[in-house]
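Colleague: Below is a structure I'd like to ask you about.
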């Protein structure tokens, strides 16, 4: 297998954190070749990479039979079921668990991560020369995140994680979204902004998965 990735963007980071939950080193997995794509050098738009994924997006997992998975959720689903690691099923171990985790993952993605990525696209100086930035879109996107956070704060008021006391893929997605917000000067440690329970959740996730 070949995994095309990079350690900073949110979607590749989901894969990295899933493997960490399973106590697997992304660079030390049998039959997995990790290929780092430098987006700072625009390598995602090189002819070589576009031949793998014409959309020019990361991550991409190419299986031994040539099957190409170019969606982070699909890649995590595959690796979670394919790699044993410590035995934890981060995506769920039965149909009901998987359905609940998928639903909550999508909530975290659409309401938090996606809006943080929109804010970055339309408000960060590094993106100004890449595409058209819509005035006010960054602020509106951050406001959508703030509007959604009480929902997650309430869920976390009675549990360590979103769906109970076991870390799942939904927690990874929410954490990645909150953490990515820092590039837009959004402070996920500020309880007055994100809520007491979300701030606590972010702190515990950062302690485990944050860059040292």
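In the numbering used here, the protein residues as written are 128 to 339. The beta carbon of each residue, even a glycine, is placed where N, CA and C say it ideally should be. If you're wondering where the values come from, they're calculated on a predicted model, not measured in any experiment.
In chain order, what residues of the same chain have a beta carbon less than 6 Å from the beta carbon of residue 279, not counting five sequence neighbours either side?
Modeller: Within the chain shown, numbered from 1, the residue matching residue 279 stands at position 152. Same-chain partners within the cutoff: 325.
Colleague: Among 171, 284, 226, 288, which has the Cα closest to the Cα of residue 184?
Modeller: Position 57 of the chain shown holds residue 184. The candidate whose alpha carbon is nearest that of residue 184 is 171.
Colleague: Can you tell me which of the three DSSP states residue 194 falls into?
Modeller: Locating residue 194 in the chain shown gives position 67, where the first residue counts as 1. Coil.
Colleague: Grouping DSSP H, G and I as helix and E and B as strand, with all else coil, what is residue 134?
Modeller: As a position in the chain shown, residue 134 is number 7, starting the count at 1. Three-state result, residue 134: coil.
Colleague: So, for residue 282: in the same chain, excluding its five sequence neighbours on each side, which residues have a beta-carbon less than 6 Å away from its beta-carbon?
Modeller: Translated into the one-based positions of the chain shown, residue 282 becomes position 155. 289.
Colleague: Could you tell me the boundaries of the beta strand (DSSP E) in which residue 160 lies?
Modeller: Stepping through the chain shown from its first residue, residue 160 is reached at position 33. Here the beta strand (DSSP E) through residue 160 covers 160-163.
Colleague: Would you check if there are 3 or more beta carbon pairs closer than 8 Å linking the stretch 205-213 to the stretch 223-234?
Modeller: Cβ pair count under 8 Å is below three, so no.
Colleague: Expressed to the nearest angstrom, what Euclidean distance is found between the alpha-carbon atoms of residue 291 and residue 233?
Modeller: Here residue 291 refers to the residue found at position 164 of the chain shown. Here residue 233 refers to the residue found at position 106 of the chain shown. Approximately 17 Å, taken between the alpha carbons.
Colleague: So is residue 214 buried or exposed if we call it buried at 16+ other beta carbons inside 10 Å?
Modeller: Walking along the chain shown from the start, residue 214 turns up at place 87. The residue is exposed, with fewer than 16 neighbouring Cβ atoms inside 10 Å.
Colleague: On the criterion of 16 or more Cβ atoms from any shown chain inside 10 Å, does residue 270 qualify as buried, or is it exposed?
Modeller: If you number the chain shown from 1, residue 270 lands on position 143. Exposed: under 16 other Cβ atoms inside 10 Å.
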